[in-house]
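Numbering (our numbering), first residue to last: 24 to 197. Glycine included, each C-beta is placed from N, C-alpha and C at the ideal position. The structure displayed is predicted, hence computed values, not measured ones.
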Amino acid sequence: MPLELPQNYFELFQLPCALEVDAGRLEARYRALQRELHPDRFATAGAREQRLAAQAAAHVNHAHRVLSDPHERATYLLQLQGCTVDDERDTTHDAEFLMCQMELREELEALDDMAAAVAFAARLGSEAEVLWADFATCYAARQWTAARDALLKLRFYRRLRQQLKMRQARLAGA
24 MPLELPQNYF ELFQLPCALE VDAGRLEARY RALQRELHPD RFATAGAREQ RLAAQAAAHV
84 NHAHRVLSDP HERATYLLQL QGCTVDDERD TTHDAEFLMC QMELREELEA LDDMAAAVAF
144 AARLGSEAEV LWADFATCYA ARQWTAARDA LLKLRFYRRL RQQLKMRQAR LAGA
């Protein structure tokens, strides 16, 4: 019978519940869990045990994906505190930041050479670092609403950086 897995992803990977994780420990524990739950180990087991093993492996894979991604990990940390973040519907209500979003989108659209794109990427990285520090401070202070707002702003920067990569690919091909 497959092992009983903790529902808390940090417990599953034997990591402290924190914004920063030890990537080496995460990967080592992931590999160990994958070996333990590999379908070949349950090939002769009954249908129920095979199904449970498959569910456990899926749980481990999802937990690994969440803890490996800083944005997903931050969202999960907030969820553990009862503060949900809905990527599809939630947005910040900070009027100044909303204006900043519009300006950044306009700047992205106006990029016409790779040097400008690289400078824009550096600027986005610096601004995101400030927001990560803000998230960490708010999270440590147990200010869940403020931490959530910082995370929503970070999600904007994440999407904008993805759009920038597409823009850079077009500029490189031009």
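Asp172 counts as buried, since no fewer than 16 other beta carbons sit within 10 angstroms of its beta carbon. Taking a contact as a CB-CB distance under 8 Å, the pair Leu177 and His94 counts as one, their CB atoms being some 7 Å apart. Judged by pairs of C-beta atoms under 8 Å, the segment 65 to 84 does not touch the segment 127 to 135, as fewer than three such pairs exist.
Assignment of Asn31 by DSSP, reduced to helix, strand and coil, places it in the coil class. Rounded to whole angstroms, the gap between the alpha carbons of Ala192 and Leu147 is 17 Å. Within the same chain, Cβ atoms closer than 7 Å to the Cβ of Ala169 are found at Cys161, the five residues on either side in sequence being excluded. Separation of the CB atoms of Ala79 and Leu28 is rounded to 5 Å, and the pair is thereby assigned contact status at 8 Å.
DSSP, reduced to helix, strand and coil, places Gln102 within a helical segment of the structure shown. For Gly69, there is no enclosing alpha helix (DSSP H), as DSSP marks it with neither H nor E.
For Ala139, the enclosing alpha helix (DSSP H) begins and ends at 137 to 163. A Cβ-Cβ contact shorter than 7 Å links Ala151 with Tyr180.
Per DSSP, the unbroken alpha helix (DSSP H) holding Cys123 starts and ends at 118 to 133.
A Cβ-Cβ contact shorter than 7 Å links Leu194 with Met137. Where Thr168 is concerned, the enclosing alpha helix (DSSP H) starts and stops at 167 to 196.
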